[in-house]
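Structure first, then comments.
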Amino acid sequence: MAVFRDNPYSRFNYLVNLGAGDPGSVQAGFAEVAGLSIDVQVIEYRNGNERSSAPRKLPGLSKVGDVTLKRGVIGATDLFDWLRTARDGNPERRNVVVQLLSEDRQTVAQEWRLLNAWPVKYSGPDLAATTNDVAIEELVLTAEGLDVA
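Counting from 11, one number per residue, gives the positions in the sequence shown under the numbering used here.
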């Protein structure tokens, strides 16, 4: 699915599909998506009779980083409702898809799939009577896998 080209894509056109609802709706519109990452841990191993004093490096467990979604408060409670399932001990696991769009906003340039994702943190907005900022809510997701297409 990834579309290769010489110039990099801009990062401001994207869709987020939370696995429920319409990714084109205002409820799925996020101002920021951060933390799409995966790390492979390294296992160092060396036999006592090896000729080299440097250990071998072997692949260990992989770990998907937590992903943070931020959006303006629109009066919808869907993000907190989803977190509530985890808080109550039965997290609703979903496959979440983030699609980077090309400048025409029609072509998917690249896609990240969070597998078996569920919310682990919700933060409401910081409120202040002397600022002009938009009220932002934040949802942090954990996932068991990350795939890129």
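Each residue gets a CB set at the ideal place from its N, CA and C atoms; glycine is no exception.
Backbone secondary structure at Thr87 - three-state DSSP = Walking along the sequence shown from the start, residue 87 turns up at place 77. Coil at Thr87, not helix or strand.
Rounded to the nearest angstrom, how far is the Cβ of Arg81 from that of Asn105, given a contact under 8 Å?
-> Working through the sequence shown from its first residue, we reach residue 81 at position 71. Working through the sequence shown from its first residue, we reach residue 105 at position 95. Not confirmed; about 20 Å, so no contact.
Under the rule that 16 or more other beta-carbon atoms within 10 Å means buried, what is Gln116, buried or exposed?
-> Indexing the sequence shown from 1 puts residue 116 at position 106. Classification of Gln116: exposed, given that the 10 Å Cβ count is below 16.
Near Ser112, which residues of its chain fall below 6 Å by C-beta distance, leaving aside the five closest residues on each side in sequence?
-> Mapped onto the sequence shown, residue 112 falls at position 102. Taken in chain order, the residues that qualify are Ala119.
With DSSP as the reference, please indicate the residues paired to Ser133 in a beta bridge.
-> Residue 133 sits at position 123 when you count from the first residue of the sequence shown. According to DSSP, Ser133 bridges with Glu148.
Taking Cβ positions, are Ile79 and Val36 nearer each other than 8 Å?
-> As a first step, residue 79 must be located in the sequence shown, where it is residue number 69. As a first step, residue 36 must be located in the sequence shown, where it is residue number 26. The question names Ile, but residue 79 is Leu in the sequence shown. Cβ atoms of Leu79 and Val36: not closer than 8 Å.
Could you work out which residue in Glu154, Ser63, Leu46 is closest to Glu54 when comparing CA atoms only?
-> Translated into positions along the sequence shown, residue 54 becomes position 44. With distances taken between Cα atoms, Glu54 lies closest to Ser63.
Assign Ala153 to one of two classes, buried (16 or more other C-beta atoms within 10 Å of its C-beta) or exposed (fewer than that).
-> Walking along the sequence shown from the start, residue 153 turns up at place 143. The residue is buried, with at least 16 neighbouring Cβ atoms inside 10 Å.
To the nearest angstrom, report how far apart Asp32 and Leu25 are at their CA atoms.
-> Indexing the sequence shown from 1 puts residue 32 at position 22. Indexing the sequence shown from 1 puts residue 25 at position 15. Straight-line Cα distance between these residues: approximately 10 Å.
Can you have a look at Phe40 and say buried or exposed, based on whether 16 or more other CB atoms are within 10 angstroms of its CB?
-> Taking the first residue of the sequence shown as 1, we reach residue 40 at position 30. When all chains shown are included, Phe40 counts as buried.
Quick one, which of Glu147, Ala12, Val52 has its alpha-carbon nearest Arg66's?
-> The residue given as residue 66 occupies position 56 in the sequence shown. Checking every option, the nearest Cα to that of Arg66 belongs to Val52.
According to DSSP, what are the bridge partners of Pro69?
-> Counting from 1 along the sequence shown, the entry for residue 69 is found at position 59. DSSP, once it has assigned bridges, lists Val52 as partnering Pro69.
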